[in-house]
Amino acid sequence: MHDTKPRPRVLLTKSFIDSHDRAIETIALALRDAAMEVVLIDYEQPEDVVTVALQEDVDVIGISFMSGGQVETTQKIFAELQRRDVADLPVVVGGIIRPFDEPPLREAGVKNIFRGGAPLSEVVATFETLSRTYRGLA
Amino acid sequence: MVGAELGFAAKQLGSPISTLGVTGPPGAGKSSLINALISELLPSYPRIGVLMVDPSSPVSGGAVLGDRVRMAAHSPNRNVFIRSLAARGHLGGVTRATRSVIELLAAAGMDLVIVETVGTGQSEVEVAELTDVKLMVCAPGMGDEMQAIKAGILEVADLLVVNKSDLPDADRTANFLKGMLMHRGHQEKRAAMKVSTVRREGLAELAGAIQSRLADARDGARGLGNRTDEPRNRFARDTADLLAALLRESSDPRIEEIMHKHLSGEVSRRDAACEVLRLLARKTDWLDGVDASGTGLT
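Read top to bottom, the protein sequences are chains A and B. Per the numbering used here: the first sequence = residues 1 to 138. Per the numbering used here: the second sequence = residues 1 to 298.
Take a look at the structure:
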């Protein structure tokens with residue numbers, strides 16, 4: 001196994017007070033099996049997500065929401081992306097996303113929303129495309 | 001190549017840096033211990049870099065890099081830089097790039113770099129070549145005297161740490177390790193220590209022991225002196241990597257022929273390898289067009 005091809009490097013994250021980790025682990029395994037390098041963290045503050053994304057040089061951020069804070073947290077992360085000068089870093093969200101969450105999430109700049117039952121192949125393809133686009137390969 | 005230029009530039013800066021290696025079996029508590037140690041060491045080392053290596057999948061090549069989960073508390077601290085690295089098929093507990101990344105962190109003004117290896121077994125000693133002071137972390141119940149006196153990782157570690165000392169069996173495990181050290185007599189500089197990251201016990205003592213050993217390493221008072229072979233080992237590994245890349249990609253008919261002779265049982269593995277080396281020694285242009293990107297050599 002040699003790293004001749006750049007592999008997508010992605011960050012998957014959820015709040016440290018949200019203990020529902022089955023979904024985020026399922027996605028992590030699917031992305032790992034699709035040859036991606038997946039960094040996992042539980043954030044304490046939304047701003048920490050951006051710090052970690054920069055330290056880890058990821059191409060995509062995926063945020064899992066199984067309890068609350070969908071819109072507020074996402075908006076804070078986008079504000080921090082802007083402040084740290086990486087506003088083009090793509091963000092997707094997944095989990096319990098209620099219909100009324102969707103417009104503000106889209107407005108904040110979320111690229112994709114995956115709810116329960118979304119096919120894994122679709123999730124993998126989305127991360128792959130976003131990563132390639134962000135790296136200027138597509 | 002940007003990577004190569006950056007590497008040379010970082011090397012020329014040559015900033016001194018202290019390095020601490022942390023190794024041990026999976027689940028021994030390496031990441032949690034590092035998380036606790038960062039807090040203990042920050043007063044003495046104002047800027048700390050942490051490199052954490054996790055294995056790549058031998059099937060897909062992907063990886064789940066989950067060590068950071070234990071270090072969320074340090075995420076907002078701008079004086080702590082944490083980076084996860086996937087081993088990308090490199091055995092030995094670290095990655096090919098680890099040395100270069102340490103040099104970059106030194107150039108970036110870090111005072112201390114902590115390198116966490118993949119969860120290791122008995123013989124992943126490569127981290128010993130990269131770091132000044134080595135910590136071997138084990139969990140209670142790792143084995144008996146027999147495991148403690150075997151050759152390998154225990155020999156190159158400076159501090160043997162029994163983590164999770166709140167669990168039963170921790171004293172027994174620590175005593176096996178201490179017993180092993182006693183065989184060495186009064187010259188022995190290694191120490192076995194117990195810590196509990198859950199109860200925050202023994203951390204200050206461990207941090208103190210690490211600092212005094214890092215200071216010794218800086219003064220060149222190394223007892224084991226086990227970094228003397230390092231430049232030659234690295235040189236040998238780099239050359240072997242390049243050679244392997246060449247042979248994997250080569251479509252030279254003579255190399256194919258030697259391979260087929262070996263596969264059909266005409267010549268032994270060793271003779272086939274020797275014949276390829278003789279062939280390459282006569283060729284002067286064989287490095288032209290080799291894609292070295294897979295070897296991590298830039």
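The beta carbon of each residue, even a glycine, is placed where N, CA and C say it ideally should be.
In this model, B:P43 and B:L154 are separated by some 29 Å (Cα to Cα).
Here B:R190 is buried, its C-beta having at least 16 other C-beta atoms within 10 Å. Scanning chain B for C-beta atoms nearer than 7 Å to the C-beta of A:V91 yields nothing, as the closest lies near 17 Å away. Rounded to whole angstroms, the Cβ separation of B:T197 and B:S32 is 5 Å, and the two are in contact under 8 Å.
Of all residues in the segment 27 to 46 of chain A, those with a C-beta nearer than 8 Å to a C-beta of chain B are A28, L29, L31, R32, D33, A34, A35, M36, E37, V38, V39, L40, I41, D42, Y43, E44 and Q45, reading in chain order. Three or more beta-carbon pairs drawn from the segment 25 to 40 of chain A and the segment 56 to 68 of chain B are found closer than 8 Å, and the two stretches are therefore classed as touching.
With distances taken between CA atoms, B:A9 lies nearest to B:S100 out of B:G179, B:D158, B:S100 and B:V195.
Its chain contains no residue whose beta carbon lies nearer than 6 Å to that of A:L137 once the 5 sequence neighbours on both sides are disregarded. Chain B has no Cβ within less than 8 Å of the Cβ of A:F127. T51, V52, Q55 and E56: these are the residues of the segment 50 to 81 of chain A whose beta carbon lies less than 7 Å from some beta carbon of chain B, given in chain order.
Here B:A87 is not near B:S39, since their CB atoms are 8 Å or more apart.
B:P58 and A:A35 have their alpha carbons spaced roughly 10 Å apart. Each of B:D158, B:R282, B:T131 and B:M193 was checked against the Cα of B:V94, and the nearest Cα belongs to B:T131.
In this structure, A:S131 lies away from A:P46, with their beta-carbon atoms at least 8 Å apart. Within chain A, the C-beta atoms nearer than 7 Å to that of B:I82 come from Q55, in chain order. In this structure, the straight-line span from the alpha carbon of A:P103 to that of A:V110 is close to 10 Å. Of all residues in the segment 52 to 65 of chain B, only S56, S57, P58, V59, S60, G61, G62, A63, V64 and L65 come within less than 8 Å of chain A when Cβ atoms are compared, listed by chain position. Counted as a single uninterrupted DSSP element, the alpha helix (DSSP H) harbouring B:D171 occupies residues A170 to M182. According to the DSSP assignment, B:I114 belongs to the beta strand (DSSP E) that extends over L112 to E116.
A distance below 6 Å between beta-carbons, with the five flanking residues on each side excluded, links A:V49 to the following residues of its chain, in chain order: T13, Y43 and I77. For A:E102, the three-state secondary structure derived from DSSP is helix.
If you check the CB distance, B:D158 and B:K178 do not come in under 8 Å. A straight-line Cα-Cα distance of about 23 Å links A:V123 and A:E72.
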